[in-house]
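Engineer:
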Amino acid sequence: MRVAYSLDWHLGAFPEPPAADFDVLVCAGDICEVGEPERAIQSVVEYACGKSVVAVAGNHDLYTSNPEDKRTNNDFIRLMRAEARRQDDAADDDIVHVLTADEPVCWIGNVRFVGLTLWSDRMLMPAEVWAAHARAIAGHWRSGLEEYRRIRTERGIWTPYDAVAEHAREGDLNGRACQPARWADCCGDAPSADAGICRCL
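Reading the sequence shown from the start, the letters are residues 1052 to 1252 in this note's numbering.
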């Protein structure tokens, strides 16, 4: 199976990725620049020309378009999945797979794909850097990273605490989802094994 691994399309902000020869297209986040879930799925399906697509939402895919936009991160995922179902119905086949923490695994043929957003793991920083970074974010989080202004949850604006909690939850899911079977890692070269797991992080 030939897998084309891509990320950071930021539709409208950059040119479309160059044509590639593949069996499965993996789009690992930031398909669109800001809150266009239906357009994101339509664009990757059009690019894939009827071949299978695995899509994982990135932070930009969950950005609201303006302060009046009250859609939540879960609303964006629901809209991506609804458009994926429309595309599947039009193709009369299951060609689009939107992977999230709630549904992190799909099978295409005999290859298992695991996809999670995995928010930044700030714990990878040295302790003193992490502590300084945490203090800076805590003091200025609404004027810092766009995530803390542009992503909404059911409780309100996305916070650094949400990012840490979601990263921990997804990290645990990733460990459990990748346990058995042979391994194929889409983060590097496309897998050549005829069975395995394609981890899209």
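Cβ coordinates follow ideal geometry from the N, Cα and C atoms, glycine included.
(1) Compare the Cα-Cα distances from ALA1108 to each of LEU1130, LYS1121, VAL1180, GLY1101 and report the closest residue.
(2) Apply the 10 Å Cβ neighbour rule to CYS1100 and answer buried if 16 or more other Cβ atoms are within range, or exposed otherwise.
(3) May I ask you to report which of helix, strand or coil DSSP gives VAL1085?
(4) If you reduce the DSSP assignment to three classes, tell me which class PHE1073 lands in.
(5) Between the segment 1109-1124 and the segment 1144-1160, do three or more beta carbon pairs fall short of 8 Å?
(6) Is it buried or exposed, LEU1062, if we count other Cβ atoms within 10 angstroms and call 16 or more buried?
(7) From which residue to which residue does the beta strand (DSSP E) around ARG1163 run?
(8) Which residues in the same chain as HIS1111 place their Cβ atom closer than 7 Å to its Cβ, once the five residues preceding and following it in sequence are excluded?
(9) Please classify PRO1231 as buried or exposed, where buried requires at least 16 other C-beta atoms within 10 Å of its C-beta.
(10) For VAL1075 and ALA1106, which I take to be in contact (beta-carbon distance under 8 Å), what is that distance rounded to the nearest angstrom?
(11) Taking CB distances under 8 Å as the criterion, tell me whether ASP1059 reaches chain C.
Structural biologist: Here's the rundown:
(1) LEU1130
(2) exposed
(3) Looking at VAL1085 - three-state DSSP - the assignment turns out to be coil, as it is neither helix nor strand.
(4) coil
(5) In short, these stretches do not touch, since the Cβ pair count stays below three.
(6) buried
(7) 1162-1166
(8) Closer than 7 Å at the Cβ level, and outside the excluded window around HIS1111, lie HIS1061, ASP1081, CYS1083, GLU1084, VAL1085.
(9) Its pLDDT being 48, under 50, PRO1231 is placed unreliably by the model, and nothing is read from it.
(10) The Cβ separation is near 11 Å, so there is no contact.
(11) Protein chain content of the structure displayed is limited to a single chain, and chain C is not contained in it.
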